[in-house]
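As numbered in my numbering, the sequence shown has no gaps in its residue numbers, which increase by one up to the final residue, 313.
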Amino acid sequence: MEPSSAAADLIAGFISGTVATLAVHPVDTVLTRYQSRGSFVSASAAATTVTSSTGSAVGGGPLVEMRVLAASFGPASLWRGAPALIGAAPFQNALLMAGYGAGRRWSSGNDEARQDRLPAVFVGGCVGGLLQCLVASPAELYKVRKQVLDLIGGEGQQLVRPKITSGMGATMLRDGLPHGVWFASYEWCKAYLSDAANGESQASGDGGDQSMVVPLLSGAFAASVAWGVGYPFDLIKTRIQAGLVDGVVEATRDIVARGQKEGLGPIRSLYRGFSLKLARAVPASAIGFVTYEYALGIIEGGVDK
(Lines of atoms letter the chains of each structure in order from A and count residues from 1; the text may use other names and numbers.)
(Lines give C-alpha, C1' and ligand atoms only; values in the text may rest on other atoms or scores of the structure.)
Protein backbone atom coordinates (compact mmCIF):
# COMPACT_ATOMS: atom_id res chain seq x y z
CA MET A 1 0.00 0.00 0.00
CA GLU A 2 1.29 3.47 -0.85
CA PRO A 3 1.91 5.70 2.21
CA SER A 4 -0.55 8.29 0.90
CA SER A 5 -3.24 5.63 0.56
CA ALA A 6 -2.61 4.35 4.08
CA ALA A 7 -2.87 7.89 5.45
CA ALA A 8 -6.11 8.43 3.54
CA ASP A 9 -7.60 5.25 5.05
CA LEU A 10 -6.58 6.31 8.57
CA ILE A 11 -7.93 9.85 8.27
CA ALA A 12 -11.20 8.75 6.68
CA GLY A 13 -11.60 6.06 9.33
CA PHE A 14 -10.93 8.56 12.10
CA ILE A 15 -13.61 10.93 10.77
CA SER A 16 -16.18 8.17 10.25
CA GLY A 17 -15.61 6.81 13.75
CA THR A 18 -16.18 10.21 15.33
CA VAL A 19 -19.40 10.86 13.43
CA ALA A 20 -20.88 7.40 14.04
CA THR A 21 -20.05 7.47 17.76
CA LEU A 22 -21.63 10.88 18.30
CA ALA A 23 -24.76 9.77 16.48
CA VAL A 24 -25.57 6.54 18.37
CA HIS A 25 -24.10 6.79 21.87
CA PRO A 26 -27.45 7.27 23.65
CA VAL A 27 -28.65 3.97 22.22
CA ASP A 28 -25.40 2.37 23.35
CA THR A 29 -26.02 3.54 26.91
CA VAL A 30 -29.49 2.03 26.97
CA LEU A 31 -28.19 -1.20 25.42
CA THR A 32 -25.41 -1.58 28.01
CA ARG A 33 -27.85 -1.12 30.88
CA TYR A 34 -30.29 -3.51 29.25
CA GLN A 35 -27.57 -6.15 28.91
CA SER A 36 -26.57 -5.61 32.55
CA ARG A 37 -30.08 -5.83 33.96
CA GLY A 38 -29.94 -9.59 34.05
CA SER A 39 -26.94 -9.32 36.36
CA PHE A 40 -28.03 -6.39 38.53
CA VAL A 41 -31.44 -7.28 39.85
CA SER A 42 -32.18 -3.99 41.62
CA ALA A 43 -32.72 -0.66 39.92
CA SER A 44 -31.10 2.51 41.17
CA ALA A 45 -32.67 4.43 44.02
CA ALA A 46 -33.26 7.35 41.70
CA ALA A 47 -35.03 5.15 39.16
CA THR A 48 -37.26 3.72 41.90
CA THR A 49 -38.52 7.19 42.76
CA VAL A 50 -39.62 7.73 39.17
CA THR A 51 -41.30 4.41 38.43
CA SER A 52 -43.90 2.41 40.27
CA SER A 53 -43.26 -1.00 41.80
CA THR A 54 -44.90 -2.61 38.78
CA GLY A 55 -43.19 -0.42 36.21
CA SER A 56 -39.64 -0.22 37.48
CA ALA A 57 -36.59 -0.23 35.28
CA VAL A 58 -35.99 -3.90 36.12
CA GLY A 59 -37.59 -5.98 33.38
CA GLY A 60 -39.17 -2.87 31.86
CA GLY A 61 -37.35 -3.06 28.56
CA PRO A 62 -35.06 -0.60 26.80
CA LEU A 63 -37.66 2.15 26.33
CA VAL A 64 -38.45 2.14 30.05
CA GLU A 65 -34.73 2.16 30.81
CA MET A 66 -34.26 5.22 28.60
CA ARG A 67 -37.19 7.06 30.14
CA VAL A 68 -36.15 6.27 33.72
CA LEU A 69 -32.53 7.21 33.15
CA ALA A 70 -33.41 10.52 31.49
CA ALA A 71 -36.02 11.37 34.13
CA SER A 72 -33.72 10.46 37.03
CA PHE A 73 -30.44 12.00 35.92
CA GLY A 74 -31.35 14.22 32.97
CA PRO A 75 -31.04 13.67 29.20
CA ALA A 76 -27.26 14.10 29.39
CA SER A 77 -27.08 10.81 31.32
CA LEU A 78 -27.76 9.00 28.04
CA TRP A 79 -24.23 10.06 27.07
CA ARG A 80 -22.53 8.49 30.10
CA GLY A 81 -19.08 7.23 29.21
CA ALA A 82 -19.14 9.12 25.93
CA PRO A 83 -15.76 10.88 26.39
CA ALA A 84 -13.90 7.56 26.50
CA LEU A 85 -15.75 6.10 23.55
CA ILE A 86 -15.59 9.25 21.48
CA GLY A 87 -11.89 9.55 22.25
CA ALA A 88 -11.10 5.93 21.44
CA ALA A 89 -13.60 4.99 18.73
CA PRO A 90 -12.08 7.18 16.01
CA PHE A 91 -8.71 5.48 16.57
CA GLN A 92 -10.44 2.07 16.62
CA ASN A 93 -12.20 2.92 13.40
CA ALA A 94 -8.98 4.19 11.86
CA LEU A 95 -7.33 0.81 12.52
CA LEU A 96 -10.38 -1.04 11.21
CA MET A 97 -10.60 1.01 8.05
CA ALA A 98 -6.85 0.73 7.52
CA GLY A 99 -7.20 -3.06 7.64
CA TYR A 100 -10.17 -2.93 5.29
CA GLY A 101 -8.35 -0.58 2.94
CA ALA A 102 -5.27 -2.82 2.93
CA GLY A 103 -7.33 -5.84 1.96
CA ARG A 104 -9.25 -3.92 -0.69
CA ARG A 105 -6.11 -2.47 -2.27
CA TRP A 106 -4.31 -5.81 -2.09
CA SER A 107 -7.12 -7.40 -4.06
CA SER A 108 -7.68 -4.48 -6.44
CA GLY A 109 -6.03 -6.34 -9.30
CA ASN A 110 -8.70 -9.08 -9.23
CA ASP A 111 -11.63 -7.05 -10.55
CA GLU A 112 -12.38 -9.68 -13.15
CA ALA A 113 -12.88 -12.28 -10.39
CA ARG A 114 -14.63 -10.44 -7.60
CA GLN A 115 -15.10 -13.50 -5.45
CA ASP A 116 -11.30 -13.67 -5.14
CA ARG A 117 -11.29 -10.24 -3.50
CA LEU A 118 -13.40 -11.19 -0.52
CA PRO A 119 -10.79 -13.36 1.30
CA ALA A 120 -8.30 -10.47 1.27
CA VAL A 121 -10.90 -8.05 2.61
CA PHE A 122 -11.98 -10.63 5.21
CA VAL A 123 -8.40 -11.06 6.46
CA GLY A 124 -7.88 -7.30 6.53
CA GLY A 125 -11.03 -6.88 8.62
CA CYS A 126 -9.98 -9.60 11.07
CA VAL A 127 -6.52 -8.08 11.51
CA GLY A 128 -7.92 -4.58 11.96
CA GLY A 129 -10.52 -5.89 14.40
CA LEU A 130 -7.93 -7.60 16.57
CA LEU A 131 -5.56 -4.62 16.56
CA GLN A 132 -8.22 -2.14 17.62
CA CYS A 133 -9.04 -4.28 20.68
CA LEU A 134 -5.98 -2.78 22.38
CA VAL A 135 -7.79 0.56 22.26
CA ALA A 136 -11.38 -0.65 22.42
CA SER A 137 -11.26 -2.85 25.51
CA PRO A 138 -9.91 -0.32 28.06
CA ALA A 139 -12.13 2.44 26.64
CA GLU A 140 -15.23 0.26 26.80
CA LEU A 141 -14.36 -0.83 30.33
CA TYR A 142 -14.51 2.81 31.42
CA LYS A 143 -17.67 3.38 29.38
CA VAL A 144 -19.52 0.37 30.76
CA ARG A 145 -18.66 1.20 34.37
CA LYS A 146 -19.97 4.72 33.89
CA GLN A 147 -23.14 3.55 32.16
CA VAL A 148 -24.13 1.09 34.89
CA LEU A 149 -22.70 3.00 37.84
CA ASP A 150 -26.05 3.41 39.58
CA LEU A 151 -26.89 -0.27 39.13
CA ILE A 152 -23.75 -1.63 40.79
CA GLY A 153 -23.57 -2.97 44.32
CA GLY A 154 -27.24 -3.51 45.14
CA GLU A 155 -28.42 -6.16 47.57
CA GLY A 156 -24.98 -7.15 48.81
CA GLN A 157 -23.56 -8.08 45.41
CA GLN A 158 -19.98 -9.22 45.34
CA LEU A 159 -18.39 -7.47 42.38
CA VAL A 160 -15.17 -8.33 40.60
CA ARG A 161 -12.58 -5.58 40.95
CA PRO A 162 -11.96 -4.27 37.42
CA LYS A 163 -8.54 -4.45 35.80
CA ILE A 164 -7.37 -2.64 32.69
CA THR A 165 -7.55 -5.98 30.86
CA SER A 166 -11.06 -6.89 32.05
CA GLY A 167 -13.06 -8.10 29.06
CA MET A 168 -10.08 -8.13 26.68
CA GLY A 169 -10.58 -11.78 25.71
CA ALA A 170 -14.28 -11.29 25.02
CA THR A 171 -13.53 -8.12 23.07
CA MET A 172 -11.09 -10.01 20.83
CA LEU A 173 -13.68 -12.73 20.22
CA ARG A 174 -16.26 -10.06 19.43
CA ASP A 175 -14.04 -7.95 17.17
CA GLY A 176 -11.80 -10.46 15.37
CA LEU A 177 -13.72 -12.82 13.12
CA PRO A 178 -16.93 -10.71 13.13
CA HIS A 179 -15.10 -7.71 11.70
CA GLY A 180 -13.78 -9.86 8.89
CA VAL A 181 -17.37 -10.87 8.22
CA TRP A 182 -18.42 -7.23 8.50
CA PHE A 183 -16.00 -5.93 5.87
CA ALA A 184 -16.44 -8.87 3.50
CA SER A 185 -20.23 -8.48 3.71
CA TYR A 186 -19.89 -4.77 3.04
CA GLU A 187 -17.64 -5.35 0.02
CA TRP A 188 -19.96 -7.99 -1.42
CA CYS A 189 -23.12 -5.92 -0.92
CA LYS A 190 -21.49 -2.77 -2.25
CA ALA A 191 -20.38 -4.56 -5.42
CA TYR A 192 -23.79 -6.17 -5.88
CA LEU A 193 -25.72 -2.91 -5.43
CA SER A 194 -23.28 -0.98 -7.62
CA ASP A 195 -23.76 -3.48 -10.45
CA ALA A 196 -27.52 -3.32 -10.04
CA ALA A 197 -27.51 0.48 -10.00
CA ASN A 198 -25.26 0.68 -13.04
CA GLY A 199 -27.44 -1.75 -14.93
CA GLU A 200 -30.58 0.23 -14.19
CA SER A 201 -28.86 3.50 -15.14
CA GLN A 202 -27.76 2.08 -18.49
CA ALA A 203 -31.22 0.66 -19.19
CA SER A 204 -32.98 3.95 -18.40
CA GLY A 205 -30.29 6.27 -19.65
CA ASP A 206 -30.27 7.93 -16.22
CA GLY A 207 -26.89 8.58 -14.68
CA GLY A 208 -28.28 9.33 -11.21
CA ASP A 209 -25.92 9.59 -8.27
CA GLN A 210 -25.78 6.35 -6.29
CA SER A 211 -22.65 7.29 -4.35
CA MET A 212 -24.32 7.66 -0.93
CA VAL A 213 -27.14 5.14 -1.28
CA VAL A 214 -24.85 2.18 -1.98
CA PRO A 215 -22.53 2.52 1.06
CA LEU A 216 -25.52 3.39 3.25
CA LEU A 217 -27.38 0.17 2.42
CA SER A 218 -24.20 -1.90 2.31
CA GLY A 219 -23.14 -0.68 5.75
CA ALA A 220 -26.54 -1.54 7.22
CA PHE A 221 -26.43 -5.02 5.67
CA ALA A 222 -22.86 -5.65 6.87
CA ALA A 223 -23.70 -4.66 10.45
CA SER A 224 -26.65 -7.05 10.57
CA VAL A 225 -24.58 -9.98 9.33
CA ALA A 226 -21.52 -9.26 11.48
CA TRP A 227 -23.44 -8.81 14.73
CA GLY A 228 -25.31 -12.00 14.02
CA VAL A 229 -21.90 -13.66 14.41
CA GLY A 230 -20.41 -11.59 17.22
CA TYR A 231 -23.26 -10.46 19.46
CA PRO A 232 -22.96 -13.18 22.16
CA PHE A 233 -19.42 -12.04 22.89
CA ASP A 234 -20.59 -8.43 23.21
CA LEU A 235 -23.08 -9.51 25.86
CA ILE A 236 -20.38 -11.55 27.60
CA LYS A 237 -17.98 -8.59 27.50
CA THR A 238 -20.53 -6.27 29.06
CA ARG A 239 -21.18 -8.68 31.96
CA ILE A 240 -17.45 -9.01 32.62
CA GLN A 241 -16.72 -5.29 32.44
CA ALA A 242 -19.74 -4.48 34.62
CA GLY A 243 -17.97 -6.46 37.35
CA LEU A 244 -20.34 -9.34 38.05
CA VAL A 245 -18.20 -12.17 36.66
CA ASP A 246 -14.57 -12.73 35.80
CA GLY A 247 -13.81 -14.46 32.51
CA VAL A 248 -15.56 -15.59 29.34
CA VAL A 249 -16.48 -19.09 30.58
CA GLU A 250 -17.94 -17.83 33.86
CA ALA A 251 -19.88 -15.08 32.07
CA THR A 252 -21.29 -17.56 29.55
CA ARG A 253 -22.44 -19.93 32.28
CA ASP A 254 -24.01 -17.04 34.19
CA ILE A 255 -25.92 -15.78 31.14
CA VAL A 256 -27.21 -19.24 30.23
CA ALA A 257 -28.18 -20.04 33.83
CA ARG A 258 -30.11 -16.80 34.19
CA GLY A 259 -31.83 -17.40 30.88
CA GLN A 260 -32.89 -20.89 31.93
CA LYS A 261 -34.58 -19.43 35.01
CA GLU A 262 -36.73 -17.38 32.63
CA GLY A 263 -37.46 -20.30 30.32
CA LEU A 264 -34.92 -19.32 27.67
CA GLY A 265 -32.63 -21.77 25.89
CA PRO A 266 -28.87 -21.19 25.64
CA ILE A 267 -29.02 -19.55 22.19
CA ARG A 268 -31.83 -17.15 23.11
CA SER A 269 -30.04 -16.30 26.34
CA LEU A 270 -26.84 -15.40 24.51
CA TYR A 271 -28.76 -13.27 22.00
CA ARG A 272 -30.77 -11.36 24.58
CA GLY A 273 -30.88 -7.70 23.54
CA PHE A 274 -29.83 -8.50 19.96
CA SER A 275 -32.61 -6.42 18.40
CA LEU A 276 -31.52 -3.40 20.43
CA LYS A 277 -27.94 -4.01 19.33
CA LEU A 278 -29.06 -3.86 15.70
CA ALA A 279 -30.97 -0.65 16.46
CA ARG A 280 -27.61 0.82 17.42
CA ALA A 281 -25.22 -0.97 15.09
CA VAL A 282 -27.11 -0.72 11.79
CA PRO A 283 -27.35 3.09 11.70
CA ALA A 284 -23.83 3.39 13.15
CA SER A 285 -22.42 1.15 10.42
CA ALA A 286 -24.38 2.89 7.69
CA ILE A 287 -23.33 6.35 8.90
CA GLY A 288 -19.74 5.20 9.38
CA PHE A 289 -19.33 3.73 5.91
CA VAL A 290 -21.03 6.67 4.17
CA THR A 291 -18.78 9.09 6.04
CA TYR A 292 -15.73 6.92 5.29
CA GLU A 293 -16.47 6.75 1.56
CA TYR A 294 -17.24 10.48 1.39
CA ALA A 295 -14.15 11.49 3.38
CA LEU A 296 -11.93 9.10 1.43
CA GLY A 297 -13.19 10.54 -1.84
CA ILE A 298 -12.32 14.08 -0.72
CA ILE A 299 -8.92 13.07 0.63
CA GLU A 300 -7.94 10.99 -2.38
CA GLY A 301 -9.07 13.78 -4.66
CA GLY A 302 -5.74 15.39 -3.81
CA VAL A 303 -3.75 12.14 -4.00
CA ASP A 304 -1.91 11.41 -7.23
CA LYS A 305 -2.83 7.79 -7.94
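Note that beta-carbon positions come from the ideal geometry of N, C-alpha and C, so glycine has one too.
Rounded to the nearest whole angstrom, the C-alpha separation of Val-129 and Cys-197 is 13 Å.
Shown here, Lys-171 sits in coil according to DSSP, grouped into three states, outside any helix or strand. Cα atoms of Arg-247 and Ala-178: separation of roughly 10 Å, rounded to the nearest angstrom.
DSSP places Asp-158 within a helical segment (H, G or I) once states are collapsed to three. One thing to note: Leu-284 has its Cβ within 7 Å of the Cβ of Pro-70.
With respect to Ala-294, Ala-228 sits close: the two C-beta atoms are nearer than 7 Å. Here DSSP, grouped into helix, strand and coil, assigns Val-253 to coil.
Taking 7 Å as the cut-off, the Cβ atoms of Asp-183 and Cys-141 count as close. For Arg-261, the three-state secondary structure derived from DSSP is helix. Closest by C-alpha distance to Val-290, out of Leu-304, Leu-224, Ala-303, is Leu-224. Short of 7 Å from the beta carbon of Ser-232, and not among the five residues preceding or following it, lie these beta carbons of its own chain, in chain order: Leu-286, Val-290. Looking from the CA of Ile-23, the closest CA among Ile-307, Glu-308, Thr-299 belongs to Thr-299. The three-state reading of DSSP puts Glu-73 in helix, counting H, G and I together.
Excluding residues up to 5 positions away in sequence, Pro-170, Ile-172, Ser-174, Gly-175, Gln-249 lie with their Cβ nearer than 8 Å to the Cβ of Leu-149 in the same chain. Listed in chain order, the non-local C-beta contacts of Gly-188 below 6 Å within the same chain comprise Phe-130, Gly-133, Cys-134, local neighbours out to five positions each way being set aside. Just so you know, the alpha carbons of Leu-86 and Leu-159 end up roughly 14 Å apart. Rounded to whole angstroms, the gap between the alpha carbons of Ala-234 and Leu-77 is 29 Å.
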